[in-house]
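Beneath this line is the structure, given in structure tokens, with notes to follow.
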Amino acid sequence: MKKVNELKRVYIETYGCSANKSDSEIMMGILTDAGFQIVDDWKKADVLIINTCIVKTPTAKRMERRIKELYSSGKPLVVAGCMAKAEPDRVEMFAPKASRITPDAVEKIDKVVREALIRNKVVAQNGSKEKVVLPKIPFNKIISIVQISSGCLSACSFCETRIARGLLKSYRPSAIIERIKNDLKEGFKEFWITSQDNSCYGFDLGTNLAELLNGIIRIEGNFFIRVGMMNPFHLIRRRDLLKKMIEVYKSEKIFKFLHIPLQSGSNKVLKDMNRGHTVEEFLDVVESFRKEIENLTIETDIIVGYPTESEEDFLETIRILELIKPDVVNISRFFPRPHTPAEKIRQLPSKIVNERSKVLHEVVRKISLENNQKFLGKTVDVFVDEIGKDNSFIGRTLEYKPVVIKSSADLFGKMVKVKICEVRSNFLVGHII
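Heads up: the sequence shown begins at 3 in the working numbering, then just goes up one per residue.
Structure follows, in structure tokens:
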């Protein structure tokens with residue numbers, strides 16, 4: 003008698019953050035080990051999986067449309083990701099017979115898919131294994147996305163991710179380090195340290211991110227580490243952690259890249275958002291890093307048009323950005339997310355929000371272009387970690403600046419010297435020396 007998964011093909015469509023990408027890599031790894039075949043065309047698949055993101059309303063609307071499209075194909079559908087956990091009623095509305103698997107339960111994907119194939123609806127909500135120990139099939143053969151925890155300790159008024167991912171659950175440092183050692187043996191050369199908020203890693207285990215990174219950089223081998231987003235709140239409240247993080251950032255193995263979200267340049271708005279920090283405290287963290295780490299790339303996040311944001315508040319945000327001149331700014335127009343405190347506040351007119359967003363995008367474009375102009379004509383070391391289009395490759399400087407390189411030679415996974423001949427607001431262009 004044939005097994006239900008014999009020669010069965012699975013299609014996975016992924017949206018959202020690096021943690022979501024990692025979840026899809028894990029699901030592909032588990033399914034492959036269970037005897038399924040992963041395909042890149044949903045029309046050729048026997049069962050479909052959509053790994054959803056709901057961090058912004060436009061993204062959530064796109065998820066709704068895509069769920070409807072996949073569900074209408076008549077093929078068994080599994081809805082995974084944050085929508086499966088935070089908005090199950092919405093999934094039920096668009097795909098009443100679809101199975102669901104939440105982010106915490108990805109280890110059960112093979113069981114869910116088996117049931118879906120025989121048209122049994124399943125809802126998997128909890129798992130017991132640390133994701134860092136689960137098998138995976140990577141999207142990129144040299145970049146390993148390493149989830150170090152799930153959930154967070156914040157309670158931002160606008161954020162639905164807390165509902166989807168829950169409270170902080172850190173993974174054991176020994177398991178994380180063992181994962182990286184094994185991935186190095188498999189040929190990975192770049193590691194993305196990822197979670198919903200890296201800055202609170204380990205608080206539930208009696209450790210912290212700096213101690214974890216110190217353990218990672220002591221691993222033998224040539225590799226790079228990209229540290230993902232850290233909320234300033236925990237770095238501010240634990241000054242010893244801030245000092246230790248700055249010291250570990252001096253390692254040649256760590257990209258000189260700091261992703262630290264501000265969200266607003268107004269203390270009043272930050273309080274309304276329940277961010278837990280002031281503008282001045284954010285600036286202190288940035289300046290503390292910059293004082294010790296040369297040529298640090300700063301990435302931050304801004305929400306435009308929060309319901310209590312006045313014109314003066316918005317101008318304060320512009321002033322702060324022009325003061326710190328971050329290299330990358332992720333700008334999001336405010337949209338109320340379901341089940342969040344901010345959903346209950348009277349919204350600003352969309353015209354005002356759109357106008358502010360347009361103004362801020364132009365401010366940020368000018369700042370980013372000005373920052374990148376400093377690289378024009380310089381020769382820099384670039385680690386090539388992505389294959390582009392039309393004989394091009396994409397690499398990263400030691401400051402994690404993206405560089406596009408035209409080359410007929412295979413540069414993937416190599417460190418090369420590049421002269422920067424052109425700059426854009428969001429990337430550099432160079433040629434091999």
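The beta carbon of each residue, even a glycine, is placed where N, CA and C say it ideally should be.
Does the beta-carbon of Cys-161 have 16 or more other beta-carbons within 10 angstroms, so that it is buried, or is it exposed? buried
Is the beta carbon of Leu-186 closer than 8 Å to that of Gly-223? yes
Under a Cβ-count criterion, where at least 16 other Cβ atoms within 10 Å of its own Cβ denotes burial, should Ala-47 be classed as buried or exposed? buried
Element boundaries [beta strand (DSSP E), containing Gln-375]: Where Gln-375 is concerned, there is no enclosing beta strand (DSSP E), although the alpha helix (DSSP H) it sits in stretches over 352-375.
Euclidean distance between Cα positions of Lys-252 and Leu-215: 11 Å
Reduced DSSP category for Cys-84 - H, G, I as helix; E, B as strand; rest coil: helix
Mind the definition here: the region 266-276 touches the region 310-327 only if three or more C-beta pairs lie below 8 Å; say whether that holds. yes
Are the Cβ atoms of Arg-339 and Thr-59 separated by less than 8 Å? yes
His-236 in three-state terms, based on DSSP: helix
For Lys-421, collect the residues of the same chain with a Cβ closer than 7 Å to its Cβ; drop the 5 residues on either side in sequence, then sort them by chain order. Thr-381, Gly-432, His-433 and Ile-435
Count the other C-beta atoms from every protein chain shown that fall within 10 angstroms of the C-beta of Met-30, then say buried if there are 16 or more, exposed otherwise. buried
Cβ distance (whole Å) where Phe-259 is taken to contact Tyr-402 below 8 Å: 4 Å
Thr-280 in three-state terms, based on DSSP: coil
Same chain, Cβ closer than 6 Å to Thr-61, neighbours up to 5 away in sequence not counted: Cys-55
Could you give the distance in angstroms between the alpha-carbon of Arg-367 and the alpha-carbon of Phe-429? 11 Å
Count the other C-beta atoms from every protein chain shown that fall within 10 angstroms of the C-beta of Phe-141, then say buried if there are 16 or more, exposed otherwise. exposed
Going straight from the alpha carbon of Asp-242 to that of Gly-208, what length do you get? 14 Å
Residues near Arg-358 in its chain [Cβ-Cβ closer than 7 Å; skip 5 each side]: Val-306, Gly-307 and Phe-316
Who are the near neighbours of Val-425 in its chain, counting only those whose CB is closer than 8 Å to its CB and skipping five residues on each side? Leu-371, Asn-374, Gln-375, Phe-377, Leu-378 and Val-431
Any idea which residues DSSP pairs Trp-194 with across the strands? Ile-147 and Arg-228
Return the residue from the list His-279, Met-232 and Ile-218 that minimises the CA-CA distance to Cys-202. Met-232
Restricting to runs no shorter than 4 residues, where is the alpha helix (DSSP H) found entirely within the region 262-336? 269-275, 281-294 and 313-326
Three-state secondary structure assigned by DSSP to Ala-126: strand
With respect to the alpha helix (DSSP H) encompassing Glu-66, which residues constitute its N-terminal and C-terminal limits? 59-73
Quick one: Cα of Asp-212 to Cα of Lys-360, how far? Checking the sequence, you will find Ala at residue 212 rather than Asp. Cα to Cα, Ala-212 sits roughly 38 Å from Lys-360.
Just how far apart, CA to CA, sit Ala-82 and Val-57? 14 Å
How do the region 18-38 and the region 86-99 stand: do at least 3 beta-carbon pairs fall below 8 Å, yes or no? no
Given this structure, state the Cα-to-Cα distance separating Gly-37 from Val-135, to the nearest angstrom. 19 Å
Apart from the five residues just before and just after Met-417, which ones in its own chain have a Cβ nearer than 8 Å to its Cβ? Asp-383, Val-384, Phe-385 and Val-386
Run the CB neighbour count on Gly-415, radius 10 Å, all protein chains shown included, and call it buried at 16 or more, exposed below. buried
Which two residues bound the contiguous alpha helix (DSSP H) that contains Pro-90? 90-96
Could you tell me which residues DSSP pairs with Gln-39 in its beta bridges? Arg-11
Let's test the definition: count the other Cβ atoms within 10 Å of the Cβ of Ser-197 and tell me whether it reaches 16, buried, or not, exposed. buried
In this structure, how does DSSP classify Asp-25 when only helix, strand and coil are distinguished? helix
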